[in-house]
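Numbering (our numbering), first residue to last: 86 to 189.
In this text, a Cβ means the ideal position worked out from N, Cα and C, and glycines have one as well.
Down below is the structure, laid out as structure tokens.
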């Protein structure tokens with residue numbers, strides 16, 4: 086989805102309302118992957134935060150060891166997945182490209 090104009094979900098400017106980043110558990114060479122986007126460069130297309138988006142890192146992404154690098158708020162939500170687009174992923178693609186709701 087990068088190629089069609091999307092950024093990682095956990096890069097949203099409001100992400101701290103939805104996840105906790107555990108900076109000390111992230112490989113130091115990879116911390117930049119958890120930076121938030123500038124609010125002036127972000128458009129969430131009116132979509133709610135999507136913990137399960139294909140554009141969301143999993144909870145152990147770039148971990149130093151076995152502890153999570155990111156946890157959900159509220160606790161217990163699995164972060165990210167690679168099985169296919171979520172409903173919100175499809176809504177965002179359709180909105181960005183002006184497609185009908187059943188296009189993707």
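Check: Taking the alpha helix (DSSP H) that residue 155 falls in, what are its first and last residues?
Finding: Working through the chain shown from its first residue, we reach residue 155 at position 70. Element bounds for residue 155: not the alpha helix (DSSP H) but the beta strand (DSSP E), 155-157.
Next item on the list: Below 6 Å CB to CB, which residues in the same chain sit around residue 165 once its five sequence neighbours on both sides are set aside?
Entry: Taking the first residue of the chain shown as position 1, residue 165 is located at position 80. The answer, listed in chain order, is 141, 142, 143.
Item checked: Spatially closest choice to residue 92 from 185, 178, 149, 184, by CA coordinates -> To locate residue 92, count along the chain shown from 1; it is residue 7. From the listed residues 185, 178, 149, 184, the smallest Cα separation to residue 92 is found for 178.
Check: How many angstroms separate the CA atom of residue 176 from the CA atom of residue 94?
Finding: In the chain shown, the residue the question calls residue 176 occupies position 91. In the chain shown, the residue the question calls residue 94 occupies position 9. Cα to Cα, residue 176 sits roughly 14 Å from residue 94.
Notebook entry, point to check: Can you give the beta carbon distance from residue 110 to residue 162, rounded, assuming they're within the 8 Å contact cut?
Noted result: As a working mapping, residue 110 is identified with position 25 in the chain shown. As a working mapping, residue 162 is identified with position 77 in the chain shown. At roughly 18 Å, the Cβ-Cβ gap does not stay under 8 Å, so residue 110 and residue 162 are not in contact.
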